[in-house]
Amino acid sequence: MISGYYFITDEKLSKAGNVSDVKNAVSAGVKIVQYRNKCGSTKEMYDDAVKLKEICRKKNVIFIINDRMDIAIASDSDGVHIGQDDMPYSVARKILGKNKIIGVTVHSLKEAETALKQDADYLGVSPVFSTDTKNDAGKPCGISLIKKIKSRLCGTIPVVAIGGINLSNAGEVIAVGADALCAISATVTKNDVKKEIEKFQKLFLLR
């Protein structure tokens, strides 16, 4: 079950680098790590994926790759996360097989319903709020979309909230039913990544 803090790497924003960040995330008790690298070479991404996967495997933490199925397969990662403009879910599932995890980014209730019908393993609702972390994130969908998805789909699929989330608004994201959330700028840019992630983890215990 995907829940709590959902960790996504960001080498550009990170103060200490991906390896340090992932070690801290795992120590903070995250259940899933997504490796995202939009600028690196294929070799760099493969090398990073192998190193990060090993850190996660030692603690039974799910490790997935953003977009790149070739990297996911080559590194024997647990799956991929794909967006609406990436390879279609049906093709991704055919390539990866039934035992790998595939998460899908959605921006509307219709996209969420389609992903559910296709048997996606979880949904990434993004961006919830305005964000500078991802330039092509699009218009914020707000917490209302999370609420609609959780209500219409009756909690049948985990929902991860992504985009513009920080400690001041995370509570309302959790309150409307998000199973997990990610706050890249609020964690990897800080001096103590583990401590910052733990702050978000504690919010889930309060609901």
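According to this note's numbering, the stretch in the sequence shown is residues 238 to 444, in order.
Note that beta-carbon positions come from the ideal geometry of N, C-alpha and C, so glycine has one too.
Exercise. For S363, which residues from the same chain have a beta carbon less than 6 Å from its beta carbon, with the 5 sequence-adjacent residues on both sides left out?
Worked result: For S363, the CB contacts under 6 Å within the same chain, skipping 5 residues up- and downstream, are T342, I399 and G400 in chain order.
Exercise. Going straight from the alpha carbon of V328 to that of I299, what length do you get?
Worked result: Distance between the alpha carbons of V328 and I299: 22 Å.
Exercise. T368: buried (16+ other C-beta within 10 angstroms of its C-beta) or exposed?
Worked result: buried
Exercise. Along the chain, which unbroken stretches of the alpha helix (DSSP H) at least 4 residues long are found entirely within the region 370-441?
Worked result: 379-389 and 407-412
Exercise. Nearest-angstrom Cα distance between S345 and G241?
Worked result: Approximately 22 Å, taken between the alpha carbons.
Exercise. Touch check for the region 279-289 and the region 248-260: three-plus C-beta pairs under 8 Å?
Worked result: yes
Exercise. For I301, which beta-bridge partners are listed by DSSP?
Worked result: Q271 and G316
Problem set entry | Contacts around F366, its chain only, beta-carbon distance under 7 Å, and the 5 residues preceding and following it disregarded | P377, G400, G401, I402 and N406
Exercise. Per DSSP, what kind of secondary structure is L250 in: helix, strand or coil?
Worked result: Correct three-state label for L250: coil.
Problem set entry | Rounded straight-line distance, which links the Cα of S381 to that of Q355 | 23 Å
Problem set entry | Residues that L360 bridges to, as DSSP identifies them | V341 and V396
Exercise. Going by Cα to Cα distance, which pick from V430, I338 and A417 is closest to G254?
Worked result: V430
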